[in-house]
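Q: The letter at position 37 of the sequence shown is residue 36 when you use numbering that gives the first Met the number 0, and the numbering goes up by one with no holes. One structure coming up, written as C-alpha cells, with questions to follow.
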Amino acid sequence: MIDMTKIKPIYYLYRGDDLIDSGTAQELAERRHVKVDTIRFYGSPANHRRKKGRGIVAEKVS
Numbered sequence: 000m001i002d003m004t005k006i007k008p009i010y011y012l013y014r015g016d017d018l019i020d021s022g023t024a025q026e027l028a029e030r031r032h033v034k035v036d037t038i039r040f041y042g043s044p045a046n047h048r049r050k051k052g053r054g055i056v057a058e059k060v061s
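What follows is the structure, encoded as C-alpha cells:
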C-alpha cells in the first residue's frame, strides 16, 4: 500500500507558453535558487492574476 502522505506534488513551471522546468517544489527551489514558498506562490491564483501570461507561473499536476 502506498503511503499518500509521502507523495509530493509535481509542479510545472511556465514562462508564457514555454515550459521551463518540472519537479517537486523542493527540487525546483534548489534548481531556481529560490525558496520553496516562492515555488508554491508561483502556483497561486494571486500570482496567475498578476502575471497574466507574462511571468513565471506554476501548475501543480499531482
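Think of the CB as a built atom: it goes at the ideal place given N, C-alpha and C, for glycine as much as any other residue.
1. So who's on the other strand from Val56, going by DSSP bridges?
2. For the alpha helix (DSSP H) containing Lys50, list its first residue and its last residue.
3. Please state the DSSP three-state secondary structure of Thr37.
A: Quick answer:
1. Checking the DSSP bridge columns, you'll see Val56 partnered with Tyr13.
2. Under the DSSP assignment, Lys50 falls in the alpha helix (DSSP H) whose first and last residues are Pro44 to Lys50.
3. In the structure shown, the three-state DSSP call for Thr37 is helix.
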